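Working notes, beginning with the structure itself.
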Amino acid sequence: MSHVELTVLGAGNMGRALMGGLLRHGMRPEQIAVGERQEAARAALSQELGVTATADNAAAIRKADVVVLAVKPQDAGSVLAPLAADLQQRQTLVLSVAAGIRIQALQSWCGAGVPVIRAMPNRPALVGAAVTGLFAGPEVDESRRAVATQIMRSVGEAVWVATEDALDVVTAVSGSGPAYFFLLAEAMARAGVDLGLAPDTAQRLAIATLHGAGLLAQGSDGDLARLRAEVTSKGGTTEAALRTLQDAAFEDLIARAVAAAARRSRELAAQAGGTGS
Ligand SMILES: NC(=O)c1ccc[n+]([C@@H]2O[C@H](COP(=O)([O-])OP(=O)(O)OC[C@H]3O[C@@H](n4cnc5c(N)ncnc54)[C@H](OP(=O)(O)O)[C@@H]3O)[C@@H](O)[C@H]2O)c1
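My numbering applies: residue 668 is where the sequence shown begins, and numbers increase by one.
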């Protein structure tokens, strides 16, 4: 990445998280330009990250090899369309993290031939622990895919998916996923309080358990059923809890929740760009 000139359009939560990750991974502040319309955000950027920001997006992308689109989905078209001529002329890679905005819509704003990649990171990007699903449009070569992988890996893991529709499932599993774990941890803490623990003790137990379970799973070969079996002694406490969850069709409930999120992702994409399937 030492040779890549990068521009981030939109320096909100995700844009800043990505720039922080890239700088931690050895990118130099001089390699990053920012287009951001909020004056306060621009001032904070130069102080916090040492990168230069402007309100003029056309100026911000002038030297860019890669433009990371990190504005809200509803702003994507109005940000990209005025930049189309420049993007086309320089064949700049556009890496969009805007949720639900389809390649077809991005391509229509950027103009024919511009290489476009969609990325769906999740909120743990803010602490460098994201997982991102990536999908590339037809114009994208291997070297640009590699650059996109490196950018998203600066805030965590990155996985490529085979179809654009799969990004709706990525959204449902990992995009929305942190909230599922938070709900579970909330419910565990509340149950602990109901059974006599002090609220702050119950909260710490639930959060530390979430963290520890995540680390164990991350450090494993990925066999979650085996990890579960290792904590579940025959006739023990965990087995009693899991039997209660499974008797109430817990797995089926999660499957329906994830399916609802994927469905909603498709609906929002259709509304946002008129190109969702
Ligand atoms: N945050 C997440 O956890 C997360 C996860 C996955 C994907 N994403 C995607 O990441 C994108 C950014 O999300 P975010 O949470 O970082 O949003 P955000 O905090 O609202 O940041 C977007 C920034 O872009 C600025 N902006 C809007 N229009 C602009 C323009 N024309 N030129 C320059 N800057 C402009 C916004 O200014 P204003 O405030 O004036 O609009 C704001 O400062 C979204 O598309 C979202 O779908 C976010």
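Every residue, glycine too, gets a C-beta built ideally from N, C-alpha and C. Since the structure is predicted, the reported quantities are computational estimates derived from the model, not experimental observations.
Taking Met681 as the centre and dropping the five residues before and after it, the same chain places the C-beta of Ala737, Val764 closer than 6 Å to its C-beta, in chain order. When only Cα atoms are considered, Leu773 and Arg857 end up about 44 Å apart. By the Cβ rule, the stretch 714-723 does not count as touching the stretch 732-751, because fewer than three pairs are nearer than 8 Å. CA-to-CA, the gap between Arg695 and Ser669 works out to about 8 Å.
Our two residues, Gly903 and Gln870, have alpha carbons roughly 24 Å apart in a direct line.
About 6 Å separates the beta carbon of Leu801 from that of Ala815, a gap short enough to meet the 8 Å contact definition. Within the same chain, and ignoring the five residues on either side of Leu877 in sequence, the residues whose Cβ sits closer than 7 Å to its Cβ are Phe848, Ala852. Across the structure, Val746 and Lys901 are spaced so that their CA atoms are roughly 58 Å apart. Nearest in C-alpha terms to Met686, of all of Trp776, Asp890, Trp827, Ser713, is Ser713.
DSSP places Leu673 inside the beta strand (DSSP E), whose first and last residues are 673-676. In this structure, Gly903 has its CB at a distance of at least 6 Å from all heavy atoms of ligand 1. Collapsing the DSSP output to three states places Leu762 in a strand. At the C-beta level, Gly804 and Leu935 stay beyond 7 Å of one another. Under the three-pair Cβ rule at 8 Å, the stretch 874-888 does not count as touching the stretch 908-924.
When secondary structure is reduced to three states using DSSP, Thr899 falls in the coil class, being assigned neither helix nor strand. Membership of Thr799 in the beta strand (DSSP E) is indicated by the continuous run 797-803. Residue pairing for Leu850: DSSP places it in no beta bridge. Scanning Asp808, Ser932, Gln771, Leu760 for the CA closest to the CA of Ser841 turns up Ser932. Taking the Cα positions, Gly693 is about 42 Å away from Glu918. With respect to the 7 Å criterion, Val822 and Gly702 are not classified as neighbours on the basis of their beta carbons. Here Thr830 carries a coil assignment [DSSP, helix/strand/coil]. Taking Asn789 as reference, the option from Gly844, Gln817, Gln771 with the minimal CA-CA separation is Gly844.
Met819 sits close to Thr799, with the two beta carbons spaced by under 7 Å.
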